[in-house]
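Read in order, the letters of the sequence shown are residues 168 to 596 in this note's numbering.
Note sheet for the following structure.
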Amino acid sequence: MKKIPESVAELLQEAESTLAGHPKLLAMFLNCFPNTLETTTKLLEDQSAFVITGDIPAMWLRDSSAQVRHYLPLAAEDEELQRIIEGLIRRQIAYIHIDPYANAFNEEANDNRYDQDLTELDAWVWERKYEIDSLCYPIQLSYLFWKESGKTGIFDDSFRSAVQTIIALWKTEQRHAEMSPYRFARIDCPPSDTLRNNRMGMPVNYTGMTWSGFRPSDDACTFGYLIPSNMFAVVVLRYIEEISSEVWEDAEMARLAAELREEIDYGIQTYGTYIHPKYGKIYAYEVDGFGNHNLMDDANVPSLLSIPYLGYATFEDRIYRNTRNFILSEDNPYYHEGKYAKGIGSPHTPAGYIWPISLAMQAITARDDKEIGELLDMLQRTDADTGFMHEGFDPNSPSDYTRPWFAWANSLFGELIHRLMRRGYFNQG
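See below:
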């Protein structure tokens with residue numbers, strides 16, 4: 168097992184005291200919190216970092232960012248942790264320059280890939296499913312790292328050029344049918360793994376939002392305007408405005424980011440809501456701009472459940488509260504209840520499975536300690552006595568699960584417990 172940075176070791180030692188009254192939770196935290204550093208992170212000779220997702224030997228822009236986010240509060244005083252996070256950001260930016268439409272990459276230009284898809288292929292690219300969030304996550308990670316550490320060295324010319332690429336791509340995908348060069352198809356696969364309509368996805372109407380081919384689950388969008396991912400883009404464009412103004416002193420870049428942010432947000436508020444007869448005004452998961460809505464939520468983040476975590480709106484926001492009530496009910500087709508747990512799953516895994524990522528996110532975004540306590544109990548009951556999180560599990564038989572080594576879920580669980588430790592949750596009564 169790799170030696171972990173000092174700040175992480177100190178936190179694990181602190182947890183032994185703080186969580187002494189919760190032995191199962193403590194054991195899971197000691198396993199999950201350092202899991203990314205111990206098993207998926209590789210510092211390379213060029214000082215960049217390659218972070219695999221777990222049991223797949225490739226690096227996702229999304230997963231790699233989410234896998235290290237829980238280390239950010241420790242990074243300010245830990246140079247070793249800073250080197251790892253900065254190294255990861257530099258590699259992510261390099262990958263965006265290689266192909267901004269790709270979601271997952273190889274450590275080297277070795278032509279390894281998930282499948283021989285009908286799209287523009289590059290030796291560096293493991294998979295080329297275009298997902299808005301793949302471009303959001305590295306910017307989010309960089310911004311939060313800056314805020315935690317005060318370091319601005321990551322915002323170099325290469326980073327600035329990548330931001331220009333992202334803004335240009337999102338503007339192109341506001342008019343997907345007319346302007347986009349992106350095409351994708353996979354042969355002999357489930358419909359969720361390919362784009363219909365001559366590799367372009369189903370038709371969309373202009374809304375101001377930016378198009379996405381796939382969801383953060385890597386499943387194809389039913390309708391091309393994925394609301395949680397557009398919300399994430401709004402937040403990230405706000406970050407770009409701040410970086411442009413405060414670090415680069417680039418008023419034009421800030422203006423371009425603000426203009427695009429306003430257009431996307433207008434689209435969300437105008438086309439992305441639905442008046443539900445039971446829940447009132449809620450956010451749809453996907454829309455097409457022609458009046459069609461997909462009412463659901465998926466465990467993968469960005470999700471509607473994660474809106475406060477992303478920073479798009481607060482827990483108290485009325486539309487979010489209505490949406491939360493909807494998605495945490497059986498009216499959401501991917502909400503499931505069983506003997507040991509209840510929560511949100513994904514069409515990406517077997518029918519009826521619940522994802523620990525959604526249980527952890529529900530707890531992170533909850534405001535009620537009773538709800539948090541119930542979710543902690545569920546997470547402890549459903550690890551199949553492995554001490555780790557998984558991708559999805561059967562809520563009636565948690566020993567039936569997918570992906571034994573899924574670092575993103577371990578990291579989000581670690582983040583949840585660390586957040587609760589910092590606010591004194593475990594010191595109450």
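For glycine and all other residues, C-beta sits at the position ideal for the given N, C-alpha and C.
Residue i classed as buried or exposed, judged by whether at least 16 other C-beta atoms fall within 10 angstroms
| i | result |
| --- | --- |
| Phe390 | buried |
| Phe457 | exposed |
| Pro383 | buried |
| Gly434 | buried |
| Gln259 | buried |
| Arg422 | exposed |
| Glu453 | buried |
| Lys296 | buried |
| Ser496 | exposed |
| Gly137 | Missing from the structure shown is residue 137; the chain here goes from 168 to 596 and no further. |
Under 8 Å between C-beta atoms of residue i and residue j
| i | j | result |
| --- | --- | --- |
| Leu192 | Leu186 | yes |
| Tyr132 | Val371 | The shown model of the chain, from 168 to 596, leaves out residue 132, and the question about it has no answer. |
| Ile539 | Ser525 | no |
| Val402 | Tyr487 | no |
| Ala425 | Glu409 | no |
| Ser396 | Pro305 | no |
| Thr319 | Val414 | yes |
| Gly559 | Asn198 | no |
| Phe399 | Leu477 | yes |
| Tyr373 | Gln341 | yes |
| Tyr438 | Ile449 | no |
| Ser566 | Ala551 | yes |
| Pro469 | Asp300 | yes |
| Asp284 | Arg353 | yes |
| Asp222 | Pro172 | no |
| Ser578 | His237 | yes |
| Phe272 | Ala225 | yes |
| Leu302 | Ile256 | no |
| Arg428 | Phe482 | no |
| Ile531 | Phe196 | no |
| Ala490 | Thr569 | Looking at the sequence shown, residue 490 is not Ala but Thr. Going by C-beta atoms, Thr490 is not nearer than 8 Å to Thr569. |
| Asn270 | Leu239 | no |
Coil, strand or helix - residue i by DSSP
| i | result |
| --- | --- |
| Tyr487 | helix |
| Pro571 | coil |
| Asn461 | strand |
| Met153 | Since the first and last residues shown for the chain are 168 and 596, residue 153 lies out of range. |
| Tyr392 | strand |
| Ser566 | strand |
| Phe493 | helix |
| Tyr262 | helix |
| Trp337 | helix |
| Ile251 | helix |
| Tyr310 | helix |
| Ala424 | helix |
| Asp535 | coil |
| Gly581 | helix |
| Phe326 | helix |
| Trp632 | Outside the shown range of the chain (168 to 596) lies residue 632, about which nothing can therefore be said. |
| Asp544 | helix |
| His443 | strand |
| Phe196 | helix |
| Asp300 | helix |
| Thr332 | helix |
Length of the line joining the Cα atoms of residue i and residue j
| i | j | result |
| --- | --- | --- |
| Asn492 | Glu212 | 49 Å |
| Gly368 | Arg590 | 45 Å |
| Gln234 | Gly505 | 28 Å |
| Phe200 | Met545 | 18 Å |
| Ser564 | Gln436 | 40 Å |
| Phe322 | Trp378 | 27 Å |
| Ser325 | Asp536 | 44 Å |
| Asp464 | Asn365 | 27 Å |
| Lys209 | Ser215 | 9 Å |
| Tyr507 | Glu345 | 49 Å |
| Val218 | Arg548 | 29 Å |
| Tyr520 | Ala466 | 11 Å |
| Pro571 | Thr220 | 12 Å |
| Ala574 | Asp455 | 33 Å |
| His503 | Glu416 | 49 Å |
| Leu587 | Arg363 | 44 Å |
| Leu361 | Tyr281 | Before going further, note that residue 361 is Thr rather than Leu in the sequence given. Between Thr361 and Tyr281, the C-alpha separation is close to 13 Å. |
| Glu419 | Lys509 | 48 Å |
| Met556 | Gly447 | 34 Å |
| Pro523 | Leu542 | 10 Å |
| Pro190 | Glu274 | 38 Å |
| Tyr159 | Ile394 | A question about residue 159 goes unanswered here, because the residues of the chain that appear run from 168 up to 596. |
Interface flag, residue i vs chain B, CB-CB below 8 Å
| i | result |
| --- | --- |
| Glu582 | Although the question refers to chain B, the structure presented lacks it and comprises just one protein chain. |
Given 8 Å, three or more beta-carbon pairs between the segment 316 to 336 and the segment 355 to 368: no
Segment contact flag, the segment 306 to 314 with the segment 279 to 298, C-beta cutoff 8 Å, min 3 pairs: no
Cβ contact check for the segment 291 to 301 and the segment 262 to 275: 3 or more pairs under 8 Å: yes
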